[in-house]
Structures are given as C-alpha cells and as structure tokens.
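Undergrad:
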Amino acid sequence: MKIDKNTINKIARLSRIKLDDKESEDYIKDLNSILDWVEQLNEVNTENVEPLSNISSSILPQREDISNDTNSSEEILENAPDKLEGFFAVPKVVE
Amino acid sequence: MSKSSLQQTLKDLDTKKISIRELNQDYLKKIKEKENLNVFIHFSEENVLKQIDNLEKDNSAKKLKGIPIAIKDLFCTKSMPTTAASKILENFNPTYESFVTQKLLDEGSIFVGKTNLDEFAMGSATNTSFFGNTINPLSKENEPLAPGGSSGGSAAAVAADLCLGATGTDTGGSIRQPASFCGVVGIKPTYGLCSRWGITAFASSLDQAGIFSHNVEDASILLHSIAGFDQRDSTSAKVDIPNYFENLNDDLNGKTVGIPKEYSIDGTPMEISQIWEDAIKVLEKKGVKIKNISLPHTKYALPTYYIIAPAEASSNLARYDGVKYGFRSDEIDSLDEMYENTRAQGFGREVKRRILIGTYVLSAGYYDAYYLKAQKVRKLIADDFNKAFKECDFIVTPTAPSAAFPLNEKQNDPIKMYLNDVFTVPASLAGLPGISIPFGKDKNNLPLGIQILGKHFDEQQVFNAAVSLERSYE
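Top line first, the protein sequences correspond to chains A and B. Going by the working numbering, the first sequence opens with residue 1, and the numbers climb by one from there. Going by the working numbering, the second sequence opens with residue 96, and the numbers climb by one from there.
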C-alpha cells in the first residue's frame with residue numbers, strides 16, 4: 001500500500017482540503033487502486049526520452065513591451081467573499 | 096432526431112423566411128418544454144429576449160446573426176454567471192468575457208444559456224455536477240441515460256435541438272465522447288487553435304475548446320468562428336485559419352486512412368467493431384487507400400493521462416481558496432481553517448480525488464516516478480502519431496467503447512469510469528484534432544460514434560473525411 005493514513009493526511013494538508021475519517025478511508029482505497037493501475041507505465045522504457053510538457057508546435061510570438069491597464073481593482077474585487085477598503089479581507093493571521 | 100441545420104437557418108434568416116425573433120422564440124419554447132433534461136445550469140428567458148432586442152436594432156451584417164448557441168458553463172461570460180458546475184463557483188459572475196464566447200458574440204450569435212457539465216470538466220457522464228445530472232435526450236421514459244461528459248449539457252442541448260450549436264471543451268474526450276453518446280457531431284481542434292483565455296482551467300496542457308453541432312457542415316462554420324490567435328494565451332497558435340466550410344471537399348479519392356490495430360481492444364462490443372468496419376468499407380469505396388498502422392504506446396495513454404491531468408488540475412485549482420471569488424466556508428477560525436473548510440465544502444468527491452492524486456504525484460520524492468515518467472511516455476505517444484501520419488492522411492477509430500450507459504451506472508469504480516476515454520485520450524495527449532460523428536446504432540437503437548483524427552492544424556482534412564462519411568451514411 002502506497003497510501004496509508006499518514007500519507008493521505010499529508011496530501012490533504014498540502015492540498016488544503018479537510019477530510020473526515022470516512023473520506024480518508026475512501027480516498028486511501030481509491031488512490032491506491034489508481035496508483036496500482038498507473039504503475040503499468042514502468043513497463044515502458046523511457047531512457048533518453050525527453051519529457052513532453054508542451055505539445056504546442058507554435059513558437060511563442062513576441063509583442064511590443066507596452067504596458068496596458070486591463071482590470072480595475074474594483075472589477076477584481078467584485079466577486080470577493082469579503083473585502084475591505086480596496087483589499088481582499090481574510091481572517092486575522094497575526095496576533 | 097432533428098433535422099435542424101445552422102447553415103439552412105442562416106439562409107432562411109437571409110431570405111426573411113423567418114425572423115431572428117421567431118427563430119429564437121421557437122427555441123425558447125423548446126428549452127422550456129425540455130426543462131426535465133437539466134441541460135442548463137443557467138437559463139434566463141429575459142436575457143435571451145434582451146439579446147434579440149439588441150440584434151434587431153443592429154443593422155450591420157454578421158456571420159451568425161441571431162443564431163441560438165448554448166455555452167458550456169466553463170466559459171466565462173459577462174452576461175451570465177459561470178460555475179464550472181461547482182459549488183465553489185456557485186455565485187461567480189465574471190467581469191470579463193472568454194475569447195471564444197467574445198468571438199461568437201462579435202458574430203452576432205445569441206447565447207441561450209450555460210450548459211451543465213461534470214464539475215470542473217472532471218468526468219465522463221455529467222454526473223459529478225453540483226447542479227445534478229443531465230439526462231440524455233435519447234433516453235426512453237423511466238430509463239434515463241447519461242449524456243456522456245464532461246460537456247454532456249452541450250451535447251444534450253444540440254441533440255434535443257435546444258440550439259443550433261454549442262461550445263464544449265475537451266481535455267481527454269469531453270467533446271467527442273458526449274457527441275457519440277448523444278448522436279451529434281463534436282470536434283476538438285488542434286491544441287492551440289482556440290485561445291483558452293477565459294476558460295476555467297482543468298489541465299492546461301490538454302484543455303481545448305471546440306464545437307457541438309447537428310452536422311459536419313455546421314461544425315465547420317462554427318469552428319472557424321471560434322478559432323484564432325490570442326496573445327493572452329501563451330499556447331495560442333499563430334496559424335492561418337482556412338474557411339473550412341467553403342473548402343469542404345468530400346472527394347477522398349487517393350487519400351490514405353490509417354487504421355490503428357491497437358484500437359481493437361478486448362471487451363469492445365461487436366456493434367462498435369462493426370461500425371468501424373462499415374466506415375472503413377465506405378472509405379474504401381470512395382477510393383481511399385486503407386493502411387494498417389501501429390500506435391504501439393496506445394495502452395499507456397490512459398494511465399499517462401490520469402497522472403498528467405490531475406497533476407495540472409491540483410495546481411490550477413489551488414486558486415479556489417475562498418479569498419478572491421466564489422464560495423467561502425462559514426467555519427473560519429484561522430486562515431488555514433478557512434482554506435481547508437472552503438475547499439472541503441466547495442469541491443465534490445471526484446474533484447477532491449483528482450486534486451489529492453495530483454498533489455501526490457507532484458510531491459517531493461514522487462515527482463520523477465510518476466509525473467516525469469508520464470511526461471516521457473506522453474512523448475512516445477505523440478511520436479507514435481507523428482510516425483503514423485507519415486503514412487496516412489487521417490486516422491479512423493471508434494469514439495467510445497460503448498453507447499450511452501444508464502445514469503449513475505459507473506459511479507463507484509473510478510478506473511472503470513476512466514476507461515470511457517480509451518479511444519479519445521491518446522489524441523488529446525498528442526494535441527491532435529479529432530471529430531466524432533454519429534455512424535450507426537447499437538441493438539437498442541442508440542447512436543454510436545466514429546472518430547476521425549488528423550495532423551496538427553489539419554482540421555480541413557478532418558472535416559473533409561467527416562463530411563464524406565456523413566453524406567454516405569445519410
């Protein structure tokens with residue numbers, strides 16, 4: 001088993017997702033079965049193969065270095081669950 | 096099945112056989128009659144009427160003036176909320192318009208509503224949506240079928256004739272598979288043909304916008320409208336976009352079709368092998384040379400995809416933290432508590448599963464073994480296609496390993512669900528254009544789909560082969 005209770009807790013913490021015990025159990029099962037399944041990739045010889053991260057065959061075009069103002073802070077804040085004087089507001093971080 | 100056609104409707108509007116208002120009022124009526132299918136996450140009659148009013152005042156000529164289009168609720172739209180079918184974006188009202196929808200607005204089309212999808216496009220049955228299942232319009236009474244997914248709402252909207260075309264997105268098959276399930280045409284173009292700007296990101300190296308329509312000709316018109324370079328998407332391609340519709344040519348004489356042997360997989364229903372053979376026979380009659388090809392790494396495409404896509408998703412979905420937009424939990428004793436509760440309550444089960452697996456394969460100590468390994472296998476899969484396309488002009492395969500299945504049938508076993516994408520994922524990993532067209536039926540009279548794949552940016556060849564098969568089938 002690759003994923004145990006400690007591992008799932010660690011991943012959940014990294015993902016900032018709170019899991020209850022029932023969910024942890026379910027995900028341990030799911031993730032182990034998915035990881036067992038993807039492990040068939042180890043059959044493939046990938047020595048000297050370059051990893052492919054961008055399939056796009058086009059070359060990045062350059063543009064003029066001109067600044068432009070596309071978004072006002074008002075627009076950016078429009079969907080914020082909580083805001084205060086032009087800023088996003090969150091629970092207090094420092095005592 | 097409806098005989099609606101965008102092309103015919105454009106002619107009827109042009110010759111004043113029907114007005115924009117009459118046309119759209121017909122569609123409004125049909126949408127209201129079919130509410131039980133749960134095709135739309137957002138529909139507002141008032142909004143549609145307002146668009147009609149505005150177009151009536153507009154005297155300029157526009158290519159899609161007055162044409163009712165449905166938009167997958169993954170595209171940001173200023174005039175309608177955008178949820179990605181997730182609770183975490185339940186109340187999100189974009190302050191900007193996606194590239195693709197802006198293009199459609201510029202052409203004068205009318206947005207009838209935002210269609211349902213799997214949450215964040217993660218699924219193959221439109222059953223992970225926070226807003227409930229969409230029902231396949233081809234279902235018999237009391238036997239609801241899945242429309243496929245993730246763009247199940249858009250596929251269903253076209254199949255039920257609630258619009259003359261719809262937008263979708265395809266990451267591993269999310270346009271082609273639902274098109275096959277609902278008996279409509281669905282095209283995913285080459286990665287980079289349509290800007291991803293304003294599309295809620297799932298797996299950025301795979302996500303691509305595309306089109307659902309009633310027939311291949313309509314798809315060729317609509318794809319031309321949404322394609323194009325955009326500097327706000329760094330992977331957007333600066334290529335000439337041909338007028339696919341005007342260039343349509345169903346004469347395939349002298350072309351070569353590739354038939355990959357690896358797509359004959361155990362457990363595929365007879366009927367699907369049969370329509371595949373039928374399609375090959377039709378092509379042969381048209382003077383197409385049949386070439387048996389090999390794509391040796393095909394069987395590794397799904398596991399590769401299910402490492403790369405969740406890895407990218409876990410990174411893309413980090414933005415949903417309850418700070419900038421969307422849902423925020425009430426349980427917020429500290430900043431970390433706020434993040435963890437917001438994401439626990441805001442995301443559904445499948446989305447969480449993918450974030451967790453993506454986080455794991457990217458985490459220290461596992462990155463090389465999983466993520467890097469998958470990227471290398473992805474290269475081999477792309478190379479397989481490059482080699483194959485030296486010997487053929489296009490490739491023909493089935494679209495999906497089954498016809499539409501009953502709603503909720505495959506919910507419990509994630510791997511079984513993932514197998515839906517077995518024929519569509521390889522081309523996604525290679526960034527190739529692919530179309531699904533209805534071709535034949537199974538024993539329950541449900542439609543089956545044939546997939547045509549082309550070389551990078553050779554959408555014209557894909558359309559030509561598709562229109563040729565479509566015309567021979569009708």
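Note that the Cβ used here is the ideal one computed from N, Cα and C, for glycine as well.
For aspartate 30 of chain A, would you say it is in contact with chain B, using Cβ-to-Cβ distances shorter than 7 Å as the test?
TA: As a position in the first sequence, residue 30 of chain A is number 30, starting the count at 1. Answer yes: the Cβ-Cβ gap between aspartate 30 of chain A and chain B drops below 7 Å somewhere.
Undergrad: Within 10 angstroms of its Cβ, does leucine 84 of chain A collect 16 or more other Cβ (buried), or is it exposed?
TA: On the first sequence, residue 84 of chain A is found 84 positions in, with the first residue counted as 1. Burial call: exposed.
Undergrad: Smallest Cα separation from glutamate 594 of chain B: which of B:Ala252, B:Gly281, B:Gly244?
TA: Since the displayed chain B opens at 96 and closes at 569, residue 594 of chain B lies outside it and no answer follows.
Undergrad: Does any C-beta atom of chain A lie closer than 7 Å to the C-beta of serine 429 of chain B?
TA: For the purposes of this step, residue 429 of chain B is identified with residue 334 of the second sequence, where counting begins at 1. By this cut-off, serine 429 of chain B is an interface position.
Undergrad: For leucine 240 of chain B, which of helix, strand or coil comes out of DSSP?
TA: Stepping through the second sequence from its first residue, residue 240 of chain B is reached at position 145. Three-state DSSP puts leucine 240 of chain B in a strand.
Undergrad: Quick one: what does DSSP say threonine 399 of chain B is sitting in, helix, strand or coil?
TA: What you label residue 399 of chain B is simply residue 304 of the second sequence in a count that begins at 1. In the structure shown, threonine 399 of chain B sits in a helix (DSSP, three-state: H, G or I).
Undergrad: Have a look at B:Leu212, B:Ser429, B:Cys258, B:Leu524 and flag the residue whose alpha-carbon is nearest the alpha-carbon of threonine 104 of chain B.
TA: Start at 1 with the first residue of the second sequence, and residue 104 of chain B comes out as number 9. For the residues B:Leu212, B:Ser429, B:Cys258, B:Leu524, the minimum Cα distance to threonine 104 of chain B belongs to B:Cys258.
Undergrad: Can you pull the DSSP bridge partners for proline 501 of chain B?
TA: Here residue 501 of chain B is taken as the residue at index 406 of the second sequence, counted from 1. Its beta-bridge partners are B:Leu240.
Undergrad: With serine 308 of chain B as the anchor, note down where its beta strand (DSSP E) starts and where it stops.
TA: In the second sequence, the residue the question calls residue 308 of chain B occupies position 213. Where serine 308 of chain B is concerned, the enclosing beta strand (DSSP E) stretches over 303-308.
Undergrad: Alanine 296 of chain B to asparagine 119 of chain B, Cα distance in whole Å?
TA: Here residue 296 of chain B refers to the residue found at position 201 when the second sequence is read from its first residue. Here residue 119 of chain B refers to the residue found at position 24 when the second sequence is read from its first residue. Going from the Cα of alanine 296 of chain B to the Cα of asparagine 119 of chain B covers about 31 Å.
Undergrad: Please state the DSSP three-state secondary structure of isoleucine 282 of chain B.
TA: Against the second sequence, residue 282 of chain B aligns to sequence position 187. In the structure shown, isoleucine 282 of chain B sits in a strand (DSSP, three-state: E or B).
Undergrad: Give the interface partners of proline 398 of chain B over in chain A, defined as CB-CB distance under 7 Å, in chain order.
TA: Residue numbering aside, residue 398 of chain B sits at position 303 when the second sequence is read from its first letter. Those within 7 Å of proline 398 of chain B in chain A are Trp37, Val38, Gln40, Leu41.
Undergrad: Taking the beta carbon of serine 97 of chain B as the centre, do at least 16 other beta carbons fall within 10 Å, making it buried, or is it exposed?
TA: Indexing the second sequence from 1 puts residue 97 of chain B at position 2. Bear in mind that a pLDDT of 48 at serine 97 of chain B, under 50, signals an unreliable position, so the model cannot answer this.
Undergrad: Run the CB neighbour count on glutamine 470 of chain B, radius 10 Å, all protein chains shown included, and call it buried at 16 or more, exposed below.
TA: Within the second sequence, numbered from 1, the residue matching residue 470 of chain B stands at position 375. Buried: at least 16 other Cβ atoms inside 10 Å.
Undergrad: Give me the chain A residues within the contact set of arginine 423 of chain B, using Cβ-Cβ distance strictly less than 8 Å, ordered along the chain.
TA: As a first step, residue 423 of chain B must be located in the second sequence, where it is residue number 328. The contacting residues are Pro81, Asp82.
Undergrad: Tell me which same chain residues have a C-beta within less than 7 Å of the C-beta of isoleucine 336 of chain B, skipping the five on either side of it?
TA: By one-based count along the second sequence, residue 336 of chain B stands at place 241. Within the same chain, isoleucine 336 of chain B has close Cβ partners His319, Ala322, Gly323.
Undergrad: Quick one: which residues of the region 451-472 of chain B get their C-beta closer than 8 Å to a C-beta of chain A? List them in chain order.
TA: Listed by position, the residues of the region 451-472 of chain B near chain A (Cβ gap below 8 Å) are Leu451, Ile452, Thr454, Tyr455, Ser458, Tyr465, Leu467, Lys468, Ala469, Gln470, Lys471, Val472.
Undergrad: Pair every Cβ in the region 190-198 of chain B with every Cβ in the region 166-178 of chain B, then say whether three or more of these pairs are closer than 8 Å.
TA: Touching, per the Cβ criterion.
Undergrad: Using 10 angstroms around the beta-carbon of lysine 2 of chain A, count the other beta-carbons present and answer buried if the total reaches 16, otherwise exposed.
TA: Counted from its first residue, the first sequence places residue 2 of chain A at position 2. Exposed, by the Cβ-count rule.
Undergrad: If you follow the alpha helix (DSSP H) that leucine 543 of chain B is part of, which residue opens it and which one closes it?
TA: Residue mapping note: residue 543 of chain B aligns to position 448 of the second sequence, counting from 1. Here leucine 543 of chain B belongs to no alpha helix (DSSP H); instead the beta strand (DSSP E) covers 542-548.
Undergrad: By how many angstroms is the C-alpha of lysine 22 of chain A removed from the C-alpha of phenylalanine 500 of chain B?
TA: Translated into the one-based positions of the second sequence, residue 500 of chain B becomes position 405. Translated into the one-based positions of the first sequence, residue 22 of chain A becomes position 22. If you take the alpha carbons of phenylalanine 500 of chain B and lysine 22 of chain A, they lie about 29 Å apart.
Undergrad: Please report the residue range of the beta strand (DSSP E) in which threonine 264 of chain B lies.
TA: Counting from 1 along the second sequence, the entry for residue 264 of chain B is found at position 169. 260-265 is the span of the beta strand (DSSP E), which, as asked, contains threonine 264 of chain B.
Undergrad: Using the three-state DSSP reduction, which class does leucine 84 of chain A fall into: helix, strand or coil?
TA: Translated into positions along the first sequence, residue 84 of chain A becomes position 84. Residue state, collapsed to three classes: strand.
Undergrad: According to DSSP, is serine 531 of chain B helix, strand or coil?
TA: On the second sequence, residue 531 of chain B is found 436 positions in, with the first residue counted as 1. It is a strand residue.
Undergrad: Measure how close the beta-carbons of threonine 210 of chain B and valine 279 of chain B come, nearest whole angstrom, since I'm counting them as under 8 Å.
TA: Indexing the second sequence from 1 puts residue 210 of chain B at position 115. Indexing the second sequence from 1 puts residue 279 of chain B at position 184. Not really, about 13 Å apart at Cβ, beyond 8 Å.
Undergrad: Interface residues of chain B around lysine 18 of chain A at Cβ under 7 Å?
TA: The residue you call residue 18 of chain A lines up with position 18 of the first sequence. Ordered by position in chain B, the residues that pass the 7 Å Cβ test against lysine 18 of chain A are Glu435, Asn436, Ala439.
Undergrad: Compute the Euclidean distance between the alpha carbons of serine 53 of chain A and isoleucine 510 of chain B, then round it to the nearest angstrom.
TA: Counting from 1 along the first sequence, the entry for residue 53 of chain A is found at position 53. Counting from 1 along the second sequence, the entry for residue 510 of chain B is found at position 415. Distance between the alpha carbons of serine 53 of chain A and isoleucine 510 of chain B: 24 Å.
Undergrad: For glutamine 326 of chain B, which residues in chain A fall below 8 Å Cβ to Cβ?
TA: Taking the second sequence and counting its residues from 1, the one referred to as residue 326 of chain B is at position 231. Neighbours of glutamine 326 of chain B on chain A, chain order: Pro61, Arg63.
Undergrad: Report yes or no: do three or more beta-carbon pairs, one from the region 380-399 of chain B and one from the region 513-521 of chain B, lie closer than 8 Å?
TA: The region 380-399 of chain B is in contact with the region 513-521 of chain B.
Undergrad: If you measure from the beta carbon of lysine 474 of chain B to each beta carbon in chain A, is any gap under 7 Å?
TA: Mapped onto the second sequence, residue 474 of chain B falls at position 379. Lysine 474 of chain B counts as touching chain A.
Undergrad: Thinking C-beta only, is glycine 218 of chain B closer than 7 Å to serine 181 of chain B?
TA: Indexing the second sequence from 1 puts residue 181 of chain B at position 86. Indexing the second sequence from 1 puts residue 218 of chain B at position 123. No, the Cβ-Cβ distance between serine 181 of chain B and glycine 218 of chain B is not below 7 Å.
Undergrad: Using a 10 Å radius around the Cβ and a threshold of 16 neighbouring Cβ atoms, would you call glutamine 146 of chain B buried or exposed?
TA: For this step, residue 146 of chain B is matched to residue 51 along the second sequence. The residue in question, glutamine 146 of chain B, is buried, as its Cβ has 16 or more Cβ neighbours within 10 Å.
Undergrad: Determine the closest residue to tyrosine 568 of chain B out of B:Leu144, B:Ile375, B:Ala298, with distance taken between C-alpha atoms.
TA: Within the second sequence, residue 568 of chain B is the residue found at index 473, counting from 1. Selected option, being the one with the closest Cα: B:Ile375.
Undergrad: Cβ closer than 7 Å: which chain B residues qualify as neighbours of isoleucine 34 of chain A?
TA: By 1-based counting over the first sequence, the position of residue 34 of chain A is 34. In chain order: Tyr401, Ile452, Pro509, Ile510.
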